[in-house]
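Enquirer:
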Amino acid sequence: VARAPSAPWRASNFVWPAYGRITQGYYSYHPAIDIGAPLGTTAVAGDEGIVAVAGWSNVGYGNYVVIRHPDGYVTLYGHLSRIDVSQGDYVARGQQIGAVGSTGRSTGPHLHFEVSTGGRNYNP
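Under this note's numbering, think of the first position of the sequence shown as 137, with each following residue one higher.
(1) List, from N- to C-terminal side, the beta strand (DSSP E) runs of 3 residues or more that fit wholly inside the segment 208-255.
(2) Measure the C-alpha to C-alpha separation of Trp192 and Gln232 and round it to an integer number of angstroms.
(3) Have a look at the DSSP bridge pairing and note the partners of His166.
(4) Pick helix, strand or coil for Asn259, following the three-state DSSP scheme.
(5) Ordered along the chain, which non-local residues of its own chain (more than five positions away) have a Cβ less than 8 Å from that of Gly185?
(6) Look at the alpha carbon of Val236 and the alpha carbon of Gly198, and state the distance between them as a whole number of angstroms.
(7) Could you pull out every residue in the same chain whose Cβ sits closer than 7 Å to the Cβ of Thr243, ignoring the five residues on either side in sequence?
(8) According to DSSP, simplified to helix, strand and coil, what is Phe150?
(9) Determine the extent of the beta strand (DSSP E) in which Tyr200 is found, giving its start and end residues.
(10) Pull up the DSSP beta-bridge partners for Val180, would you.
(11) What does the Cβ neighbour count give for Leu247, buried or exposed, with the cut at 16 atoms within 10 Å?
(12) Under DSSP, the beta strand (DSSP E) around Ala188 begins and ends at which residues?
(13) For the ligand FMN, is there any heavy atom lying closer than 7 Å to the beta carbon of Gly198?
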């Protein structure tokens, strides 16, 4: 299991993106966390930013949203059952962006959550 580098963002400004429990942790072959939650559970932006992508992924995320944040980091929210934002939208920290789902390559309802900057992923 690879250790994640220290987070480059101000963790005190970050909110948990969905109510649930971690069902898959962060490691080298899964540079994200999965938060298990009932289908339709609200998914929120971890911090303020601009929606860079909101749509379908051909690489397994299913319905997903990518947000670019002012500090230069990027968050990705995958397997959504519903997307409530559009590319170019400004989102506030904690604003609803969609709902937990099981779209794409998924075995059950959960939120796939990634944090990256400079092409490097970090353990949220």
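Cβ atoms here follow ideal geometry from the backbone N, Cα and C, with glycine treated the same way.
Expert: Taking the structure as given:
(1) 210-219, 232-236, 246-253
(2) 18 Å
(3) Tyr163
(4) coil
(5) Counting only residues of its own chain and dropping the five nearest sequence neighbours on each side, Gly185 has a CB closer than 8 Å to the CB of Ile203, Arg204, His205, Pro206, Thr211, Tyr226, Val227.
(6) 11 Å
(7) none
(8) In this structure, DSSP gives Phe150 a state outside helix and strand, which the three-state scheme calls coil.
(9) 198-204
(10) Bridge partners of Val180: Gln232.
(11) buried
(12) Ala188: member of the beta strand (DSSP E) spanning 185-193, first to last residue.
(13) The ligand content of the structure shown is nil, which means the ligand FMN is not present either.
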